[in-house]
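Numbering (the working numbering), first residue to last: 63 to 434.
For glycine and all other residues, C-beta sits at the position ideal for the given N, C-alpha and C.
These figures come from a predicted structure and were not determined experimentally.
First comes the structure, then the notes that go with it.
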Amino acid sequence: MKAINKLTAATLLLVAACPLTNAQEKMENVLNQRQQNIIAIACLEAKGDLENLSGAIHIGLDEGLSVNEIKEALSHLYAYTGFPRSLNGLGVLQQVLAERKAKGITDQEGKDADALPKGFDALKEGTAIQTKLSGAPFDYTFAPATDYYLKAHLFGDIFARNILTFPERELVTVSALSGIKGVEPQLKSHVRGAKNMGLTDAEIHSIPDVLLQKIGETEAYRARKAIAEVYGEEFKEGAPVENRIFPKGELNTAYAKYFIGNSYLAELANGEGKLHVSNVTFEPRCRNNWHIHHKGGQILICVGGRGWYQEWGKQARELHPGDVVDIPAETKHWHGAAADSWFQHIAIGVPAEGASAEWLEPVTDVAYDKLK
63 MKAINKLTAA
73 TLLLVAACPL
83 TNAQEKMENV
93 LNQRQQNIIA
103 IACLEAKGDL
113 ENLSGAIHIG
123 LDEGLSVNEI
133 KEALSHLYAY
143 TGFPRSLNGL
153 GVLQQVLAER
163 KAKGITDQEG
173 KDADALPKGF
183 DALKEGTAIQ
193 TKLSGAPFDY
203 TFAPATDYYL
213 KAHLFGDIFA
223 RNILTFPERE
233 LVTVSALSGI
243 KGVEPQLKSH
253 VRGAKNMGLT
263 DAEIHSIPDV
273 LLQKIGETEA
283 YRARKAIAEV
293 YGEEFKEGAP
303 VENRIFPKGE
313 LNTAYAKYFI
323 GNSYLAELAN
333 GEGKLHVSNV
343 TFEPRCRNNW
353 HIHHKGGQIL
363 ICVGGRGWYQ
373 EWGKQARELH
383 PGDVVDIPAE
393 TKHWHGAAAD
403 SWFQHIAIGV
413 PAEGASAEWL
423 EPVTDVAYDK
433 LK
């Protein structure tokens, strides 16, 4: 199946690029196969990656998830990712089931939720569950209607459906929020909630490892950062380049002596009578030495992450995707990554007869650390 092959290929590339840590090697002993598949399905639904979601659902069904468990996870997420994402995910599930039925595959339907007891008070039950998840009573007095919806509907009606356990629902939520940019407060809140609802510390710390292997570097980074902040752990990892469209390339060993930290070089175009165009990737804190392009200048097009450019005698300029730097010939300068982020730019050498680069002194830690 195409989607499964694509998912597997992406996973293999990530594993090859990022050697497993001890924690990752032990992942299968911490989070079981069922939990790992729930993580992948939830995160891909949140990202809106329907092709890879199809592959993840196929794998989840093959490895023992029931139809109703997957359906419940996707339905649960409408409260966190919105109806459009949730309905799209359920649509993918329908399509997958139709494909499998046509091939003669019979999938386990699984049990449905038990009927709610007579006189079930969604607001009362939801308030108790929200209090347990939050670790203390919580009232959203700024928007009383939203407070009611959270307590009565989300934590009352939805959490009362016992197809998924409370820890499993928080596993779904943390995984999904790791796939969304800009929801860091909610992600950290649900890391705490996962702990309060019964996921072990080891299980919580293994979520990023599953995300790295099954989804991507960015989602794993978000989860690791949130978990470290909740647990008060040191975290120095730089943010990866999101939605990378240019190749990272190989370790830039030929010019390593002119760089502090590791850089990677992917040549995009180079030939007689043509521009020399390369994609340069800098790890966090990596920067090149001060240098001068003689006779022919250089153009930088920033394509990922956050970085810096500075000309001699001037203030450093912060760089973001879409920024363009036109470096005149004979201008002393340096460029590189920010301390907390990977950085990529396309470097275009302006052709000129007798053009050369003169490499000068390094950018010291003292000077670099003044940049914020």
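| Query | Result |
| --- | --- |
| Roughly how many angstroms separate the alpha carbons of Ser251 and Ser268, rounded to a whole number? | 17 Å |
| Alpha carbon to alpha carbon, how far is Leu274 from Glu281? Give it in angstroms, no decimals. | 7 Å |
| Rounded to whole angstroms, what's the CA-CA distance from Glu171 to Ile225? Just pull it up for me. | 12 Å |
| With 16 other CB atoms within 10 Å as the buried threshold, where does Ser418 fall? | exposed |
| Do you know how far the Cα of Gln97 is from the Cα of Met259? | 15 Å |
| Measure the alpha-carbon distance for Tyr293 versus Pro270 and round it to whole angstroms. | 14 Å |
| Take Tyr376 as the anchor and find which of Gly359, Val387, His395 has the nearest alpha-carbon. | Inspection of the sequence shows that residue 376 is occupied by Lys rather than by Tyr. It is His395 whose Cα lies nearest to the Cα of Lys376. |
| Assess, as a yes-or-no matter, whether the segment 395-415 is touched by the segment 353-372 under the definition of 3 or more beta carbon pairs within less than 8 Å. | yes |
| I'd like the span of the alpha helix (DSSP H) that includes Ala160, first residue to last. | 145-164 |
| So Val339 and Ala331 are supposed to be a Cβ contact under 8 Å. How far apart are they, rounded? | 4 Å |
| Would you mind working out which of Gly110, Glu113, Ile389, Gly126 sits nearest Asn99, comparing C-alpha positions? | Gly126 |
| Just reading off the beta strand (DSSP E) that Ile410 is part of, what are its end residues? | 405-411 |
| Rounded to the nearest angstrom, what separates Glu438 and Leu337 at their Cα positions? | Because residue 438 is not part of the residues shown, which for the chain are 63 to 434, the question remains open. |
| Are there three or more Cβ pairs, one per stretch, closer than 8 Å when the segment 149-161 is compared with the segment 189-207? | no |
| Could you tell me which residues DSSP puts in a beta bridge with Ser418? | His356 |
| Please say whether Gly358 and Pro424 have beta carbons closer to each other than 8 Å? | no |
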